[in-house]
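Enquirer: Residue numbers (the working numbering): 8 to 91.
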Ligand code: SF4
């Protein structure tokens, strides 16, 4: 059986590897094909990370899909607006 200090250090190591995800499931974000011509596409969204990722939604993202979190590039909270 591991000594108390060894168990503690083991726990610290596990926490160091823990990276909380701030991304949502596609189903929770309403990800899918646009339902209206005015829906913004992923490729024009501030959260899109080409060629197929998103800062907010997990998994592979297609440029011609959309979701409820869509923000125009350069919109509120964007890196561009923040001066980064
Ligand atoms: S619309 Fe934006 S937030 Fe939603 S999945 Fe596409 S890139 Fe991500």
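Positions of the beta carbon are idealized from the N, C-alpha and C atoms, including for glycine.
These figures come from a predicted structure and were not determined experimentally.
1. Can you tell me where the alpha helix (DSSP H) holding residue 63 begins and where it ends?
2. Pull up the distance between the alpha-carbon of residue 38 and that of residue 69, whole angstroms please.
3. Just the C-alpha distance for residue 65 and residue 34, rounded to the nearest angstrom, thanks.
4. Can you name, in chain order, every residue of its own chain whose Cβ lies under 6 Å from the Cβ of residue 77, other than the five neighbours on each side?
5. Residues bridged to residue 72 by DSSP?
Expert: According to the structure data:
1. Where residue 63 is concerned, there is no enclosing alpha helix (DSSP H), given that its DSSP letter is neither H nor E.
2. Their backbone Cα atoms lie some 10 Å apart in a straight line.
3. Distance between the alpha carbons of residue 65 and residue 34 is about 10 Å.
4. Answer for residue 77: 47 and 52, listed in chain order.
5. Per DSSP, none; premise fails for residue 72.
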